[in-house]
Amino acid sequence: MTVPLAEVGFAEATWIMVVKSVVIFLGVFIIVPVLTLAERKLIGRFQNRYGPNRAGPVGLLQPLADILKLAGKEMFRPAAAVPLLFAIAPALVIFSGIVTLAIIPFGNVKDGVGFYGIDVSIGVLYFFAFSSLSFYGLLLAGWSSGSKYSFLGAMRSAAQLISYEVSMGLALLGGVMMAGSLSLVSIVEAQDEIWYIVPQIVGFLVFMIAGFAETNRAPFDLPEADSELVQGYMTEYGGMRFGSYLLAEYLEMFVVSAIAATFFLGGWMGPGPGWLDPVWMVVKVLALIFFFIWVRATLPRLRYDQLMSLGWKVMLPLATLNVLVTAVLVTVL
Amino acid sequence: MEARLNTDKTDWEQFPYLDSADVISVQRGPEPGGAGGAYRAFGATLKGLRTTFARIIEGPVTIQYPEEKTPVYPRFRGRHKLHRFEDTGLEKCVGCSLCAAACPADCIRVVAQENDPANRVSAGERYAEVYEINLSRCIFCGYCEVACPFDAITMGHDYELSDYNRSDLIFTKEMLLAEPIDRTPLRREGE
């Protein structure tokens, strides 16, 4: 048995790992186009209309049509752009999204196979490391485009990163302290008796709100505010490079929902036989994604200073208080 | 000035010339920010979420246009129709050209002809040998309908009149007499 580089809770043979990673990768890449359609359909329903229903039966082929259209377009690069960084930025965003999928547990070890990419002992830190890395993609995109709109969008996403990354980490810290582990598998197992959404409701709310900011989704879609910044950091992108930003947005939404489900909704836990575990996990993730879409259909975009004051004056104190109270309770009880 | 609310922060001593009857006190909302602001924002967000979710329950109200058509009111002024008498099948139009005279867009052309008693086209002395409406000029005002002494021309309910060619929009008598291929749905009572 090959021992991976990091300290892990459980490791299989290399070929099983390869098969697992392919399955997770393909599974999520099948879900993402469906999510784009589901979002447009749901937003339609939220606005008393049908949403796309022309391409294929009830609009099911719409994602295919979108992808084909994007793939057929020119990948334009402005003359003022920095060619290498301009090309690397979208790849970086997608990379950081996909890599995070590795640690999301869809079930426990069954028949010698763990239902997750890898159970690293530093699970949460891994998630934060790579979700912060995706911001480099946005920043590089904005800076290397050589356009003022892109640059403004990138500046905003940098400000958003600073404001929300801290409270996001603090929001998860409560769960980490209760479980006594950073490994996502152990955290799910620790929720055997009660899901952490009950004792950690404040943490859950702070995490979700910070998650909206993290994924640049409404009401925190300032970096790509179309009414003022055209498309923010991706203004100058075209073709599949632009498409990869869209893909990354949904991927990150999936990842953040999966982390929230793992931390607060008991991950794969649910009634029924053991083979239902991955199904429960996906159901919980999809429910959270529905919440993402619901919020997008409801709230208007925040102003720049409102975003900042919410992040620093409300979210951070709340998350810190939550951590303090949890720390005291965990020690006392 | 007693009726003023405590939330009103205007310093009324600055305006001694204002008559108290003219002063309209403004009730302002609570100041933004702070813990109270966050609490209110949270409540408002929940209210908003409920509002949007109620839209899902209501269901879509859009009309799937090419398959479903917007129903029109009975008095909707669409494409014109020429009429025949139901019993005899003779045309109601007698070629008097009053519609052409009334038309503000000057889009109706009528050429009258004496009826042959052996082979009558209309019930009157004369009939319209040519009756053309140029629908690319028509403004659908309905004056022709009002002007007609025999109710021979009325405004129908068809509104899908686009075509690829301007000359195809000149509707001849045969086209105006014929029933439209697709019937436009009529709005029902209360719809």
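Just so you know, the protein sequences line up as chains U and E, in that order.
Per this note's numbering, the first sequence runs over residues 670 to 1002.
Per this note's numbering, the second sequence runs over residues -10 to 180.
Quick reminder that beta carbons are idealized off the backbone N, C-alpha and C, glycines included.
Interface annotation, Thr161(E): not in contact with chain U, CB-CB separation never under 8 angstroms. The Cβ atoms of Phe804(U) and Leu830(U) sit closer than 8 angstroms to each other. CA-to-CA, the gap between Phe959(U) and Phe923(U) works out to about 11 angstroms. Put simply, the backbone Cα of Ala750(U) is about 11 angstroms away from that of Ser819(U). At a C-beta separation below 9 angstroms, Arg44(E) has these neighbours in chain U: Arg714, Phe715, Gln716, Asn717, Ala966. Residue ranges of uninterrupted beta strand (DSSP E) with 3 or more members, entirely inside the stretch 123 to 154 of chain E and ordered along the chain, are 142 to 144. Taking a Cβ-Cβ cut-off of 7 angstroms, Val835(U) has no neighbours in chain E, whose nearest Cβ is about 17 angstroms from it. Under the DSSP assignment, Ala101(E) falls in the beta strand (DSSP E) whose first and last residues are 97 to 103. In summary, the residues of the stretch 980 to 1001 of chain U whose CB is separated from some CB of chain E by less than 8 angstroms are Lys982, Val983, in the order they occur in the chain. Put simply, of Val925(U), Phe933(U), Val867(U), Ile856(U) the residue whose alpha carbon is nearest the alpha carbon of Glu834(U) is Val925(U). In the DSSP annotation of this structure, the continuous segment of the alpha helix (DSSP H) that includes Lys710(U) starts and ends at 683 to 715. In the DSSP annotation of this structure, the continuous segment of the beta strand (DSSP E) that includes Leu71(E) starts and ends at 69 to 71. If only complete runs of 4 or more residues are kept, the stretch 775 to 822 of chain U shows the alpha helix (DSSP H) at 792 to 813, in order along the chain. As DSSP reads the structure, Glu897(U) sits in no beta bridge. A residue is called buried once 16 or more other Cβ atoms fall within 10 Å of its Cβ, and Phe715(U) is buried on that count. At a cut-off of 8 angstroms between beta-carbon atoms, Glu47(E) makes contact with chain U. For Phe932(U), the enclosing alpha helix (DSSP H) stretches over residues 908 to 933. Inter-residue distance for Val61(E) and Asn104(E) is about 37 angstroms (C-alpha atoms, whole angstroms). For Leu87(E), DSSP assigns no beta-bridge partner whatsoever. Residue contact check for Trp963(U) against chain E: a CB pair falls below 8 angstroms. Bounds of the alpha helix (DSSP H) holding Gln975(U) are 973 to 978.
By the CB criterion at 8 angstroms, Thr931(U) and Ile870(U) fall outside the cutoff. In the three-state scheme derived from DSSP, where H, G and I count as helix and E and B as strand, Ser850(U) is classed as coil. The criterion of a C-beta distance shorter than 8 angstroms is not satisfied by Ala823(U) and Pro759(U). By the Cβ rule, the stretch 983 to 1000 of chain U does not count as touching the stretch 897 to 908 of chain U, because fewer than three pairs are nearer than 8 angstroms.
With contacts defined as CB atoms closer than 8 angstroms, Asp140(E) and Lys70(E) fail to qualify as a contacting pair. Under the three-state reduction of DSSP output, Ile831(U) falls in the helix class. Apart from the 5 residues on each side of it in sequence, Trp949(U) sits with its Cβ closer than 6 angstroms to the Cβ of Trp937, Gly939 in its chain, given in chain order. DSSP, read as helix, strand or coil, puts Arg115(E) in strand.
In summary, Trp812(U) is buried, with 16 or more beta-carbon neighbours lying within 10 Å of its beta-carbon over all protein chains present. Within the model, the alpha-carbon separation for Ala682(U) versus Asp780(U) is close to 13 angstroms. Nearest CB-CB separation between Ala141(E) and chain U: not below the 8 angstroms threshold. Contacts between Thr41(E) and chain U, judged by CB atoms closer than 7 angstroms, involve Phe715, Trp963, Ala966, Thr967 in chain order.
Within chain U, no C-beta atom comes nearer than 8 angstroms to that of Thr59(E); the closest sits roughly 15 angstroms away.
The count of Cβ pairs closer than 8 angstroms, one atom from the stretch 881 to 889 of chain U and one from the stretch 732 to 751 of chain U, stays below three, leaving the stretches out of contact.
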